[in-house]
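Input: a single structure, listed below in structure tokens.
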């Protein structure tokens with residue numbers, strides 16, 4: 002009997018291995034949102050994850066990535082269609098599936114008050130792996146994740162990247178053969194991001210693991226064997242990354258503006274022109290993607306020199322998204338396009354930071370930071386979590402007092418006249434932070450009142466906000482129920498109510514879909530051209546291209562400062578490719594860490 | 353305080369009121385819990401006992417003993433549940449809570465009475481609830497007194513030397529309800545206002561809107577006023593609700609002036625708002641705010657004199673009640689409602705309450721500013 006059962010199982014194993022590891026077939030999933038509304042998270046999704054490969058799911062927030070992952074580990078069941086993992090239908094055999102699958106959710110449940118070792122022990126216990134088995138597996142995992150030195154550190158005191166690595170190690174303890182990773186690199190600095198991807202690829206190569214990973218980073222999607230592009234619960238395309246790039250074949254161009262035209266102006270012009278799907282900054286050139294069915298007028302390029310180039314993954318991705326949105330049309334031009342003010346050779350300094358220090362107990366979050374921002378500049382603060390950029394930012398906004406140093410914003414010393422400085426600045430928080438239960442109009446009215454706007458000016462500004470951000474049709478909707486992109490527009494509208502001189506944006510584009518992100522930067526460009534100074538923090542390195550100048554922070558210090566083109570030169574791109582800001586970032590941080598190591602030695 | 357400042361405060365008040373009114377849950381919390389509490393306290397919470405279950409162990413079985421027991425039952429407050437034969441039977445009845453009291457009349461009861469000697473009656477009460485036991489004993493004592501008077505008049509033609517003519521002023525029938533409901537006014541308003549103010553700041557902190565508020569030109573004191581006034585307004589609405597229910601539903605007389613009452617309520621609410629804001633400047637989450645509110649509300653209501661008379665408390669605790677605004681608020685509502693006290697007589701209650709308000713509000717402003725900078 003026993004041998005018979007054994008041979009049966011092995012027979013099944015054999016049979017299954019010819020099948021894909023995960024197979025989605027016509028999967029549809031609805032959720033009820035609120036009381037009445039039914040929301041379709043997934044609609045007729047079919048794709049597969051092959052054995053021993055990394056399959057990426059890429060798409061903006063709300064595309065359905067998390068739902069697909071949760072379906073694959075039996076935490077949710079499909080309304081229509083089926084999900085099979087290693088041949089088991091997940092809705093019939095969730096237990097069997099769960100014993101083979103390792104799932105790392107977006108926010109992995111590490112116990113912050115336990116040490117790395119204790120977390121491992123705990124997750125080992127949960128999976129029934131104890132004693133010898135645990136002792137056997139731990140060293141390999143610790144070596145792979147580089148956490149070996151930190152076994153006794155509390156999980157809460159690890160950096161974002163290390164936490165994710167520990168989460169991955171805990172997930173791998175049970176030796177799963179299918180790994181499901183839900184946005185494993187959110188909030189992780191570029192270095193740790195690179196490490197995580199190396200670990201993933203190593204696992205696939207050495208142990209034949211099959212990985213399904215969701216991400217909102219396009220460069221990560223490009224590192225997968227296969228990619229599924231998702232948008233609003235629909236599959237827009239699937240295949241090797243090159244197939245996604247091909248969607249833009251023949252449509253990618255690089256344009257170098259003549260000296261008379263600012264790079265950003267050319268980009269703004271392109272992105273608002275019909276027939277242009279996308280326009281982004283790339284060093285000293287603008288990369289743009291022409292629509293395959295709407296012709297574009299060469300007149301918009303003025304005298305820019307322009308040549309065709311091979312499409313990137315992102316170009317193809319944008320083509321697919323635009324197609325799905327049903328329009329080839331690009332971003333609507335904003336109010337009559339503000340006439341760019343003549344840029345003075347060196348406009349006045351509006352933000353001045355000198356010897357800024359912030360201490361929390363004995364810990365220095367910000368150490369002697371110095372920089373200046375001039376009127377009309379877009380100034381970026383870049384750095385991983387914990388680098389001190391948020392602390393610096395909060396001090397600039399007057400939300401946190403400085404321990405020492407000088408902070409002048411709009412000519413006002415923040416130590417003394419904070420209220421009058423605040424009248425001249427706008428602030429958009431990272432998290433949506435308006436009054437969710439109150440309608441769009443009520444929020445606008447409250448902020449108009451908060452900034453002391455009266456009658457005529459109040460009405461004029463509210464009308465401006467409704468027009469400029471196309472909020473009119475949602476005016477009576479509670480702001481918490483607005484679609485993602487509109488929430489951010491409303492936040493911007495509220496922050497700009499009083500026509501501030503300086504706009505502070507804290508990670509404004511995290512969780513916003515790429516089209517909305519383009520639109521957002523287009524507006525920011527318009528504001529900067531109108532003389533508004535913009536200070537922005539971001540962890541999207543490619544967005545740093547939009548800044549006029551930026552600083553890169555790490556461990557509370559500024560490691561580099563300059564224009565994007567200058568910063569780029571600090572990096573070394575892989576052979577044949579111009580270094581990106583991210584390459585530069587990694588190089589700068591590695592140099593810094595090497596220097597520190599030398600110092601310590 | 354300039355015009356811009358006023359305008360900002362107004363915008364904040366409008367926003368706060370919208371937040372309270374828009375949320376169906378917070379709309380309910382203003383009226384539903386207070387209605388329930390009013391009904392519970394109005395109907396259920398009473399110190400008056402009726403239908404006290406007792407067992408009689410009449411070993412005399414005489415005319416006198418029957419007369420005595422009849423006078424107990426004649427009052428309508430006692431209900432005989434058993435006739436016991438012997439003293440051994442008493443224990444199980446009390447143990448099982450089948451009877452609150454047992455009245456045991458010994459064999460020589462009538463003989464002693466007729467001989468003009470002392471006759472003993474033993475009363476055993478269930479002391480596990482000291483309150484009801486005390487009240488029951490009191491009733492029995494009163495009934496026994498009138499039995500004695502009646503017996504003397506009948507058998508010896510003697511009138512007792514002292515006769516009490518009692519009149520209870522302000523509450524002629526000594527109804528607990530008359531005492532409870534006006535007192536509840538302060539208690540309910542305190543709970544409501546502390547929770548509303550403590551939560552409103554905590555909610556903003558939790559949802560990240562507080563930072564957004566702090567980068568606008570609002571000054572700390574403007575935020576404080578903008579947060580305090582809606583709380584006071586809601587407290588006023590609720591107090592009015594209780595006044596209306598007390599007067600027209602429970603028919604409790606209102607003898608004083610509304611102006612005096614509302615002056616008292618306003619000063620009381622100021623002190624409550626101060627406590628709420630103090631909590632809110634200390635906490636970062638709504639959960640902590642709720643916990644903080646409970647920590648304040650519980651001792652306030654215990655030391656308010658509504659449940660137990662302040663004069664019965666140990667001296668040290670009595671001093672402690674002096675810093676409890678609810679103590680004064682309850683005294684104000686009682687006096688204005690039942691006694692019809694005019695403003696100048698209420699003043700001694702208002703002054704300490706105003707002092708408490710001044711202290712809590714100043715501390716709240718200070719802590720607010722301290723935490724911000």
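Protein chains in written order, with our numbering: chain A, 2 to 602; chain B, 353 to 725.
In this text, a Cβ means the ideal position worked out from N, Cα and C, and glycines have one as well.
Residue 118/A versus 142/A, 104/A, 91/A, 540/A, residue with shortest Cα-Cα distance | Comparing Cα positions, the closest option is 142/A.
Sort 234/A, 389/A, 232/A by Cα distance to residue 364/A and report the nearest one.
-> Looking at the Cα atoms, 389/A is the closest of the given residues.
List the DSSP bridge partners of residue 254/A.
-> The partner list for residue 254/A (beta bridge, DSSP) reads 289/A, 309/A.
Since residue 353/A sits in a beta bridge, which residues does DSSP pair it with?
-> Paired residue(s): 373/A, 409/A.
Residue burial classification, residue 489/A (beta-carbon count within 10 angstroms, cutoff 16) | Residue environment: residue 489/A is assigned as buried (16 or more neighbouring CB atoms within 10 Å of its CB, all protein chains considered).
Check the Cβ-Cβ distances between residue 400/A and every residue of chain B, and say whether any is below 9 Å.
-> At a cut-off of 9 Å, the C-beta of residue 400/A has a neighbouring C-beta in chain B.
Pull up the distance between the alpha-carbon of residue 153/A and that of residue 200/A, whole angstroms please.
-> C-alpha of residue 153/A to C-alpha of residue 200/A: approximately 22 Å in a straight line.
Whole-number beta carbon distance between residue 355/A and residue 406/A, since they are thought to touch under 8 Å | Right, their Cβ atoms sit about 6 Å apart.
Cβ atoms of residue 629/B and residue 709/B: under 9 Å apart, would you say?
-> When the beta-carbon positions are compared, residue 709/B and residue 629/B stay at least 9 Å from each other.
Kindly list, in the order they appear in chain A, the residues whose Cβ is closer than 8 Å to that of residue 569/B.
-> Among the residues of chain A, those whose CB is under 8 Å from the CB of residue 569/B are 420, 421, 423, 424, 451, 452, 453, following chain order.
Whose CA, out of 664/B, 716/B, 472/B, lies closest to the CA of residue 572/B?
-> Ranked by Cα distance from residue 572/B, the options 664/B, 716/B, 472/B are led by 716/B.
Taking residue 383/B as part of the alpha helix (DSSP H), name the residues at either end of that continuous run.
-> Here the alpha helix (DSSP H) through residue 383/B covers 376 to 391.
Please compile the residues from chain B whose C-beta is within a distance smaller than 8 Å of the C-beta of residue 435/A.
-> By Cβ distance, chain B contributes 561, 564.
Ordered along the chain, which non-local residues of its own chain (more than five positions away) have a Cβ less than 6 Å from that of residue 95/A?
-> Only 75 meet the Cβ criterion.
Cutoff 7 Å; reference residue 357/B; Cβ partners in own chain excluding five residues on either side | Excluding positions up to five away in sequence, the list reads 574.
Sequence-distant residues of its chain with Cβ nearer than 6 Å to residue 617/B (five each side left out) = 591, listed in sequence order.
Please check if any C-beta of chain B sits within less than 9 Å of the C-beta of residue 495/A.
-> For residue 495/A, the answer is yes, since a Cβ of chain B falls inside 9 Å of its Cβ.
Within the 9 Å Cβ cut-off, does residue 679/B reach chain A?
-> Closer than 9 Å: no.
Whose C-alpha, out of 472/A, 552/A, 168/A, is nearest the C-alpha of residue 571/A?
-> For residue 571/A, the closest of 472/A, 552/A, 168/A by C-alpha to C-alpha distance is 552/A.
Nearest to residue 641/B by CA position, among 654/B, 627/B, 653/B, 522/B, is which residue?
-> It is 627/B.
Mind listing which residues of the stretch 348 to 373 of chain A have their C-beta closer than 7 Å to chain B's C-betas, in chain order?
-> If the cut-off is 7 Å between Cβ atoms, the stretch 348 to 373 of chain A has nothing near chain B.
Hey, would you say residue 215/A sits closer than 9 Å to residue 70/A, going by beta carbons?
-> Yes; because the gap between Cβ atoms is below 9 Å, this pair is in contact.
What first and last residue would you give for the beta strand (DSSP E) that runs through residue 409/B?
-> 404 to 410 is the span of the beta strand (DSSP E), which, as asked, contains residue 409/B.
Residues bridged to residue 396/A [DSSP beta-bridge criterion] = Residue 396/A is not bridged to any residue.
Among 245/A, 491/A, 321/A, 413/A, nearest to residue 350/A - alpha-carbon criterion = The residue with the shortest Cα to Cα distance from residue 350/A is 413/A.
Could you name the residues that DSSP lists as bridge partners for residue 361/A?
-> DSSP, once it has assigned bridges, lists 364/A as partnering residue 361/A.
Would you check if the stretch 538 to 555 of chain A and the stretch 373 to 387 of chain A touch, i.e. whether three or more CB-CB distances between them fall below 8 Å?
-> Cβ pair count under 8 Å is three or more, so yes.
Residues in its own chain within less than 7 Å of residue 257/A by CB, not counting five upstream and five downstream?
-> Excluding sequence neighbours, residue 257/A sits near 285, 286, 305, 306.
Is the stretch 533 to 541 of chain B touching the stretch 582 to 592 of chain A, taking contact as three or more C-beta pairs under 8 Å?
-> With the cut-off at 8 Å, the stretch 533 to 541 of chain B and the stretch 582 to 592 of chain A do not touch.
Measure from the alpha carbon of residue 80/A to the alpha carbon of each residue in 99/A, 97/A, 98/A, 46/A, then state which is nearest.
-> Ranked by how close their Cα comes to the Cα of residue 80/A, the residues 99/A, 97/A, 98/A, 46/A have 46/A in first place.
Taking the alpha carbon of residue 648/B as the point to measure from, which residue in 493/B, 631/B, 658/B has its own alpha carbon closest?
-> Nearest in C-alpha terms to residue 648/B, of all of 493/B, 631/B, 658/B, is 631/B.
C-alpha gap between residue 314/A and residue 168/A, whole angstroms = Looking at the backbone, the Cα of residue 314/A and that of residue 168/A are separated by about 29 Å.
Interfacial residues, the stretch 356 to 387 of chain B to chain C, with Cβ spacing under 8 Å | Within the model displayed, chain C is absent; protein chains A and B are what it includes.
Among residues of its own chain, excluding the 5 on either side of residue 219/A, which ones have a beta-carbon nearer than 7 Å to its beta-carbon?
-> So the list reads 59, 314, 315, 318, once near-sequence residues are dropped.
Find out if the Cβ-Cβ distance for the pair residue 228/A, residue 205/A is shorter than 9 Å.
-> Not in contact: residue 228/A and residue 205/A (Cβ atoms no closer than 9 Å).
For the stretch 362 to 378 of chain B and the stretch 439 to 451 of chain A, state whether three or more C-beta atom pairs, one from each stretch, are separated by less than 8 Å.
-> Cβ pair count under 8 Å is three or more, so yes.
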